[in-house]
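Undergrad: Residue numbers (the numbering used here), protein chains in the order written: chain A, 1 to 505; chain B, 1 to 505.
For each residue, glycine too, the CB sits at the ideal point set by N, CA and C.
My questions will all concern the structure given below.
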């Protein structure tokens, strides 16, 4: 596409694109050519455990290779994995594998060009200034956590200024911090500055103090100058892959940056967006947060990835995969089951197809993507391509801004986890947490109900106990945490444990 | 030079060079063409205060512009400034100014391509594994500090795992950490791995435990893959400038990486190396640590920068500048005084030249470098160029490895600060600190006396009180800290305060 080259620079083995500049250019030059790409959401079954992926990235890569092989200009947008998690060895590489691989996965897995580190440093600078504000008596408690690129259980609760002020703090991993959320949702550096100014630094005598009251924003925006530029790499077959943003899907947004997707849609006909963990996590967040509340593009199709063993092996959990597929279809999003076969599972193909028929799915796409890559998919994509081609561009969806927070959470529990409001339980302390959050917002000049809800829960469970029969499943609401800068409110759900600071396994 | 292009990649507005690979290539191909550049050390008078620079970087830039204008292939090697210090606004930009500027100072000042962040993350990963080792009972105290890219007084003493193990830790700024030292002195990734393995993680029942006993080194070396590559940028006049490594000169080595200087010497005829703070700091460390102990190249000439006001305005301190000039001349290093004139000081030129004659200096080079850049210097460089051309390539200098630590410190105090051994004072606690360090080393299989001494002291003072008459000046030895991985031992000197974690000013 003409124009984009002026915004693209070589950065070692990847390229980086000034997306803010490019979108500005498109806005100022309405006659400049651009595409109007359709978004395909790649999501998955709820995993059996957080560390065992279904193969979404491998699927995404194979899918764009297959589409490009069929002459369709398709690109993918992935999140950047956490270097600290890769280095601590908790999860291994996150960038596909086998025939469905990126050209330089080691770059993607090991910090790319320092984007996340810059985001961590930016939030840490804010906290340093908050600590100085404590010294000066401007605030007495700090609400924004420090950020570490590397995990450690010991950092969950720390005390700084030991022996003097003894200020309680906690440290979170970069993919879980509010600064990452701000980078994910902002469409300009100016917006980033405004959101940072709106972040609540802490309280003074219980009253919130925003960073805008005492931070010079140039300190932050300069640190992020390169971090806000999406990286562009490619698959072994040359299909374009954009990598930008890295919020986790269990405790944060679970999606790549909105600006990278928007930019990709101006450059390609099909843009595959990979959302993290299961459809109850990243996909729910793309739809209900990014699309409804931040102007992101509603998907024209969806692919729900599962492994044969995940889907069928635990009868008590086998309700989850059909639930996800059906939910997306109910949104009028053509939804394609994709079963990622592991070694030795080829003989299960007929059996799986039969189950799909029973479940009244669209015909599933099946393949050993690690072994066969995009070639396994290309012959099976007629239905997929047809659905994409015919998908309407302007679907109906509405913002939920302004709705009472608890009502909003109940709506998510029903629509995304299948639990009706009469089985929503409130843990002791939830109401106090909610009241405190509402008060904090009010004092900060924000309405709690205007914030988008970020469901925080373990990736491996949708309800308090997914193995229970449907009529016994519950969702417990535990606590509320406001991220006024990002414009979201975190609600911790279910009795499962999940934390913004993993331990080294 | 042929060959270097294969090791060079574009990284946005700078280039990065695989220096390890290039030096390997030169070693394996003895017939491959290379230059044998001479090193010029740019240093300065001891500053009146740490935050007020003499203009070394401006001088370095103007000098290479002037040399290149006279047909000499000259390059500079600078340290990377701390992004956290730039962002916290304590010191402002560090990359020259006015006519003596780099093309993209904002990149250099604001994190370059994430090198320091990767170094910080690498040491933090080690500490995370050390904290896990505490959980597992493998060690009970942690000796390696955490690292922050951003300053904060509150981080000097912290407690992690609050409410449980309550482990005391401290946080240091990236330019002061041992991992930075390891990157500065290592000539290969293999050496980096060996040094990391030798870092003392902590103690168990008082006995040291090295990281090599429980860390997989690939975790660290992968994180540093890009950080070990020097960046290449240029002045506004196109003179090449390499930027790599960023240890502070008051509490660490104060010099750029040895591999970047070695590489530059293979590519250029003159390599200007800028060492931090005054000649008693960075220059002393280039000579006595880098050259004597780590195989770096002894300077063929030196330039000692001062401001007119620094040199003459405080009569009690005016002994320092001549002391530095004379000391370097006594090493047979042709030493050129360079007086950096500020606005309105042009009328002082004759007076300054007269003082130089009194002091029996070589004829000083004078100029307003901010205003006039390299053009101010070019006509004054005849003596400098002649000295460089005629300088012998193989000067006499010796390692001091194996000498008793206290004898070594006394030698530094005499040679670099002018204080003889009978005026070296030992603070209460120094002997205990020394004994503990010697014991720690012994148990770790290392001799304390084999470690290179890193003098740790405020940048603005050479002795306990520089305003005292010569026969009253003392140097107090305060404590000892071993960095077994980097192969150095820190000795805190003088009654001045200095810290590896600055506060936000």
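Any chance the region 20–36 of chain A sits against the region 198–218 of chain A, with 3 or more Cβ pairs inside 8 Å?
TA: Counting Cβ pairs under 8 Å, fewer than three are found: no touch.
Undergrad: What residues of chain B sit near residue 223 of chain A, judged by a beta carbon separation below 8 Å?
TA: Simply 83, 87, 110 and 111.
Undergrad: When DSSP labels each residue in this structure, what does residue 344 of chain A get in the three-state scheme?
TA: Residue state, collapsed to three classes: coil.
Undergrad: Tell me whether residue 258 of chain B is buried or exposed, calling it buried when 16 or more other Cβ atoms sit within 10 Å of its Cβ.
TA: So residue 258 of chain B ends up on the buried side.
Undergrad: What's the C-alpha gap between residue 303 of chain A and residue 210 of chain B?
TA: Looking at the two C-alpha atoms, the distance is approximately 49 Å.
Undergrad: So, are the CB atoms of residue 64 of chain B and residue 74 of chain B less than 8 Å apart?
TA: Yes, they are a contact pair.
Undergrad: Are there three or more Cβ pairs, one per stretch, closer than 8 Å when the region 207–222 of chain B is compared with the region 439–449 of chain B?
TA: Yes, they touch.
Undergrad: Tell me whether the beta-carbon of residue 42 of chain B lies closer than 8 Å to the beta-carbon of residue 273 of chain B.
TA: Closer than 8 Å, so yes.
Undergrad: Using a beta-carbon distance below 8 Å, is residue 141 of chain B in contact with chain A?
TA: Cβ-Cβ to chain A under 8 Å: no for residue 141 of chain B.
Undergrad: Within 8 Å of any Cβ in chain A, is that where the Cβ of residue 20 of chain B sits?
TA: No, no contact with chain A.
Undergrad: Return the CA-CA distance between residue 9 of chain A and residue 11 of chain B, expressed in angstroms with no decimal places.
TA: Distance between the alpha carbons of residue 9 of chain A and residue 11 of chain B: 8 Å.
Undergrad: Name, please, each residue of chain A whose Cβ falls closer than 9 Å to the Cβ of residue 10 of chain B.
TA: Within 9 Å Cβ-Cβ: 9, 10, 11 and 12.
Undergrad: Just the chain E side, please: which residues come within less than 9 Å of residue 219 of chain B by C-beta, in chain order?
TA: In the structure shown, chain E cannot be found, because the protein chains are A and B.
Undergrad: Cα-Cα, which of A/449, A/328, A/105 and A/306 is closest to residue 369 of chain A?
TA: It is A/306 whose Cα lies nearest to the Cα of residue 369 of chain A.
Undergrad: Roughly how far, in whole angstroms, is the beta-carbon of residue 126 of chain A from the beta-carbon of residue 144 of chain A, given that I think they are within contact range, below 8 Å?
TA: About 6 Å; that satisfies the 8 Å criterion.
Undergrad: If you measure from the beta carbon of residue 149 of chain B to each beta carbon in chain A, is any gap under 8 Å?
TA: Taking Cβ atoms only, chain A reaches closer than 8 Å to residue 149 of chain B, which makes this a yes.
Undergrad: Using DSSP's beta-bridge definition, name the partner residues of residue 234 of chain B.
TA: Paired residue(s): B/240.
Undergrad: Between the alpha carbons of residue 221 of chain A and residue 253 of chain A, how many angstroms are there, rounded?
TA: Rounded to whole angstroms, residue 221 of chain A to residue 253 of chain A spans 22 Å at the Cα level.
Undergrad: Along the chain, which unbroken stretches of the alpha helix (DSSP H) at least 4 residues long are found entirely within the region 143–172 of chain A?
TA: Correct list: empty.
Undergrad: Please name the residue in B/159, B/3 and B/248 whose C-alpha comes closest to that of residue 178 of chain B.
TA: Cα-wise, what sits closest to residue 178 of chain B is B/248.
Undergrad: Identify which residue in B/351, B/328 and B/269 has its Cα closest to the Cα of residue 415 of chain B.
TA: If we check each option's Cα against that of residue 415 of chain B, B/328 comes out closest.
Undergrad: Please list, in chain order, all residues of the same chain as residue 322 of chain A whose beta carbon is under 8 Å from its beta carbon, the five residues on each side excluded.
TA: Excluding sequence neighbours, residue 322 of chain A sits near 359 and 361.
Undergrad: Taking C-alpha atoms, which residue in A/373, A/402, A/380 and A/473 lies nearest to residue 239 of chain A?
TA: Of A/373, A/402, A/380 and A/473, the residue nearest in Cα terms is A/373.
Undergrad: What distance in whole Å lies between the Cβ atoms of residue 496 of chain B and residue 461 of chain B, which are believed to be in contact at a cut-off of 8 Å?
TA: Indeed they touch by this definition, with Cβ atoms about 5 Å apart.
Undergrad: Just list the beta strand (DSSP E) runs in the region 243–276 of chain B, keeping only unbroken ones of 3 residues or longer that don't cross its boundaries, in chain order.
TA: Qualifying beta strand (DSSP E) stretches, in chain order: 270–274.
Undergrad: When DSSP labels each residue in this structure, what does residue 408 of chain A get in the three-state scheme?
TA: Three-state DSSP puts residue 408 of chain A in a helix.
Undergrad: Should residue 402 of chain A go down as buried or exposed, given a rule of 16 or more other Cβ atoms within 10 Å for buried?
TA: Exposed, by the Cβ-count rule.
Undergrad: Just the Cα atoms here: how many angstroms apart are residue 174 of chain A and residue 289 of chain B?
TA: Looking at the two C-alpha atoms, the distance is approximately 37 Å.
Undergrad: Please determine, among A/435, A/371, A/122 and A/229, the residue with the shortest C-alpha to C-alpha distance to residue 489 of chain A.
TA: Looking at the Cα atoms, A/435 is the closest of the given residues.
Undergrad: How many whole angstroms separate the CB atoms of residue 134 of chain B and residue 142 of chain B, which I take to be in contact at a CB cut-off of 8 Å?
TA: The Cβ separation is near 7 Å, so the contact holds.
Undergrad: Which ranges does the alpha helix (DSSP H) cover as unbroken runs of at least 4 residues, wholly within the region 369–449 of chain A, from first to last along the chain?
TA: As far as the region 369–449 of chain A is concerned, its whole alpha helix (DSSP H) runs of at least 4 residues are 369–372, 382–390, 405–417 and 430–444.
Undergrad: Could you check how far apart the C-beta atoms of residue 318 of chain A and residue 311 of chain A are, in whole angstroms? I think they sit under 8 Å.
TA: Residue 318 of chain A to residue 311 of chain A, Cβ: 6 Å. Contact.
Undergrad: When burial is assigned at 16 or more other CB atoms within 10 Å of the CB, is residue 218 of chain B buried or exposed?
TA: Looking at its Cβ environment, which holds fewer than 16 other Cβ atoms inside 10 Å, residue 218 of chain B is exposed.
Undergrad: In three-state DSSP terms, what is residue 359 of chain B?
TA: Residue 359 of chain B falls in the coil class under three-state DSSP.
Undergrad: Determine the burial state of residue 29 of chain A: buried for a count of at least 16 other Cβ atoms within 10 Å of its Cβ, exposed for fewer.
TA: By the neighbour-count rule (16 or more Cβ atoms within 10 Å), residue 29 of chain A is not buried but exposed.
Undergrad: Does the pairing of the region 271–285 of chain A with the region 75–83 of chain A give three or more beta-carbon distances under 8 Å?
TA: Because the criterion of three Cβ pairs below 8 Å is met, the region 271–285 of chain A and the region 75–83 of chain A touch.
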